[in-house]
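Enquirer:
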Amino acid sequence: MRKLLRVDITVPGGGETAELLEAWLAGRAAQGWEESVLDDGETVRFRVHMEDAPPARAFAEEVAADWPDLPREVSTLEEEDWGAAWMAFFTPIEVGGVYEILPPWMADHDTGGKKPIIIEPKMAFGTGHHPTTALCLACLADLHRSGAIAPGQEFLDLGTGSGILGIGLCRLGLTGVGLDIDPQAVWCAADNLRLNGVEGSMSLAVGGVGSLAPDSRFEVVAANILAAPLMAMARLLVRHVAPGGLLVLSGILETQADDVAAAYQATGLGQPVRRVSGEWASLSWR
Ligand code: SAH
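Quick note on numbering: the sequence shown equals residues 232 to 517 in the numbering used here.
Dropping the structure here:
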């Protein structure tokens with residue numbers, strides 16, 4: 232029977248350690264996590280659910296190795312609780328006044344005119360609950376409202392994860408490509424494309440920016456990855472933005488935003504627009 236592994240990590244007192252752990256999780260618990268403040272008003276509990284398979288066990292070991300001082304608890308849930316666990320966690324969320332993100336079991340939900348994005352929460356990052364995803368979608372929604380993003384344009388969704396940003400762009404009438412270096416994310420994105428009926432508008436492949444044809448250009452490039460890889464790929468990525476196109480970056484801690492902006496400005500771009508949510512930031516250029 233399929234089981235779900237639950238890893239609870241508690242940070243007594245919360246504070247900076249909680250922030251560091253959150254940044255650490257952003258790189259490892261790709262599918263997201265629940266974060267709650269316990270009854271004492273300061274202890275923060277991070278709860279991660281993964282399908283009970285070797286990657287989940289490896290994750291639990293990594294937590295123990297990297298955060299030896301934090302209390303943690305690893306438990307398994309039976310399959311029948313698996314859906315329930317996600318259902319409790321995954322509630323519809325509205326982003327940028329344009330989108331509503333829904334799990335498949337709420338696909339019939341009345342979105343009141345918002346564009347639905349249906350996401351099956353699995354092993355890939357991008358349920359829309361993470362501030363970096365929400366920042367990107369809000370940015371895309373604003374650019375759509377201002378007319379900068381329009382039907383018929385082509386996009387690149389680099390680090391597509393669950394496929395959420397690409398699906399959001401397909402909903403606005405664009406077509407494009409989703410790339411991810413993690414094959415599991417690409418599988419997951421493929422499922423989500425089908426759930427949203429946009430498999431004809433977005434192609435998927437395993438790979439990074441280096442796997443693109445060198446002369447390929449996109450009017451909209453979105454990359455919600457992490458500061459270090461984004462800085463390393465600045466020159467390569469900017470080359471794929473069509474003249475007059477848009478670039479949206481996230482996965483950046485606010486404290487890293489100046490460095491990431493500088494790396495992209497060094498390629499000839501101007502000042503980015505910066506959006507901040509909690510400790511996370513997104514940068515966008517028109
Ligand atoms: N786009 C989704 C997922 C972001 S998570 C969202 O906005 O929510 C970041 C994803 O980038 C992960 O799935 C990870 O596997 C992928 N990734 C990490 N480094 C990458 C790289 N160098 N090139 C392409 N994808 C990368």
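No residue lacks a Cβ here, since even glycine has one placed at the ideal position from N, Cα and C. Just so you know, these numbers come straight off a predicted model, no measurement behind them.
Under the criterion of a Cβ to heavy atom distance below 6 Å, does residue 455 qualify as lining the ligand SAH?
Expert: Translated into the one-based positions of the sequence shown, residue 455 becomes position 224. Result yes, Cβ under 6 Å from the ligand SAH.
Enquirer: Who pairs with residue 506 in a beta bridge, going by DSSP?
Expert: Locating residue 506 in the sequence shown gives position 275, counting from the first residue. 513.
Enquirer: Among all the DSSP beta bridges, which residues are the ones paired with residue 347?
Expert: In the sequence shown, counting from the first residue as 1, residue 347 sits at position 116. Paired residue(s): 331.
Enquirer: Whole angstroms are fine: how far does the CA of residue 286 sit from the CA of residue 424?
Expert: Here residue 424 is taken as the residue at index 193 of the sequence shown, counted from 1. Here residue 286 is taken as the residue at index 55 of the sequence shown, counted from 1. Each residue's Cα considered, the two are about 24 Å apart.
Enquirer: For residue 431, does the three-state DSSP call read helix, strand or coil?
Expert: Counting from 1 along the sequence shown, the entry for residue 431 is found at position 200. Coil.
Enquirer: With DSSP as the reference, identify every bridge partner of residue 278, one or two as the case may be.
Expert: Mapped onto the sequence shown, residue 278 falls at position 47. According to DSSP, which records beta bridges pairwise, residue 278 is partnered with 239, 265.
Enquirer: What residues match up with residue 436 in a beta bridge as DSSP calls it?
Expert: Here residue 436 is taken as the residue at index 205 of the sequence shown, counted from 1. Residue 436 pairs with 410.
Enquirer: Just verifying my parser: in three-state terms, what is the DSSP assignment at residue 454?
Expert: Your numbering for residue 454 matches position 223 in the sequence shown. Strand.
Enquirer: Quick check on the DSSP output: what are the complete beta strand (DSSP E) runs of length 3 or more inside the region 348-401, in order along the chain?
Expert: 385-389
Enquirer: What residues match up with residue 307 in a beta bridge as DSSP calls it?
Expert: The residue given as residue 307 occupies position 76 in the sequence shown. DSSP lists 236 as partners of residue 307.
Enquirer: Check whether the Cβ of residue 380 lies closer than 6 Å to any heavy atom of the ligand SAH, and answer yes or no.
Expert: Residue 380 sits at position 149 when you count from the first residue of the sequence shown. Not under cutoff, so the answer is no.
Enquirer: Using the Cβ count rule (16 or more neighbours within 10 Å means buried), how would you classify residue 279?
Expert: Sequence index remark: in the sequence shown, residue 279 carries index 48 (1-based). Result: buried.
Enquirer: For residue 417, write down the residues that DSSP places opposite it in a beta bridge.
Expert: Position 186 of the sequence shown holds residue 417. Bridge partners of residue 417: none, in fact.
Enquirer: Cα separation between residue 463 and residue 500?
Expert: If you number the sequence shown from 1, residue 463 lands on position 232. If you number the sequence shown from 1, residue 500 lands on position 269. About 16 Å.
Enquirer: Whole angstroms is fine: what's the gap from residue 510's alpha carbon to residue 418's?
Expert: One-based indexing of the sequence shown puts residue 510 at position 279. One-based indexing of the sequence shown puts residue 418 at position 187. Using only the alpha carbons, I get a separation of about 30 Å.
Enquirer: Specify whether the region 326-345 and the region 263-279 touch according to this definition: at least 3 beta carbon pairs, one from each stretch, less than 8 Å apart.
Expert: no
Enquirer: What residue range is occupied by the uninterrupted alpha helix (DSSP H) comprising residue 467?
Expert: By 1-based counting over the sequence shown, the position of residue 467 is 236. Taken as a continuous stretch (DSSP letters only), the alpha helix (DSSP H) holding residue 467 covers 465-469.
Enquirer: Quick one: what does DSSP say residue 302 is sitting in, helix, strand or coil?
Expert: Position 71 of the sequence shown, counted from the start, is the residue given in the question as residue 302. Coil, per DSSP.
Enquirer: Would you please state the rounded distance, in angstroms, between the beta carbons of residue 359 and residue 350? I believe it to be under 8 Å.
Expert: Translated into the one-based positions of the sequence shown, residue 359 becomes position 128. Translated into the one-based positions of the sequence shown, residue 350 becomes position 119. About 7 Å separates the two Cβ atoms, so the contact holds.
Enquirer: Would you report the Cα separation of residue 461 and residue 244, rounded to the nearest angstrom?
Expert: Here residue 461 corresponds to residue number 230 of the sequence shown, with the count starting at 1. Here residue 244 corresponds to residue number 13 of the sequence shown, with the count starting at 1. Whole-angstrom Cα-Cα distance: 32 Å.
Enquirer: I'd like to know if the region 395-413 and the region 463-476 are in contact, where contact means that at least 3 CB-CB pairs between them fall below 8 Å.
Expert: Segments in contact, no.
Enquirer: How many Å lie between residue 411 and residue 487 at the Cα?
Expert: As a working mapping, residue 411 is identified with position 180 in the sequence shown. As a working mapping, residue 487 is identified with position 256 in the sequence shown. The alpha-carbon atoms of residue 411 and residue 487 are separated by roughly 23 Å.
Enquirer: What do you reckon, are the CB atoms on residue 473 and residue 367 nearer than 7 Å?
Expert: Residue 473 sits at position 242 when you count from the first residue of the sequence shown. Residue 367 sits at position 136 when you count from the first residue of the sequence shown. Taking 7 Å as the Cβ cut-off, residue 473 and residue 367 do not qualify as a contacting pair.
Enquirer: Please determine whether the Cβ atom of residue 357 lies at a distance below 6 Å from any heavy atom of the ligand SAH.
Expert: Position 126 of the sequence shown, counted from the first residue, corresponds to residue 357. Taking the Cβ of residue 357 as the reference point, at least one heavy atom of the ligand SAH falls within a distance shorter than 6 Å.
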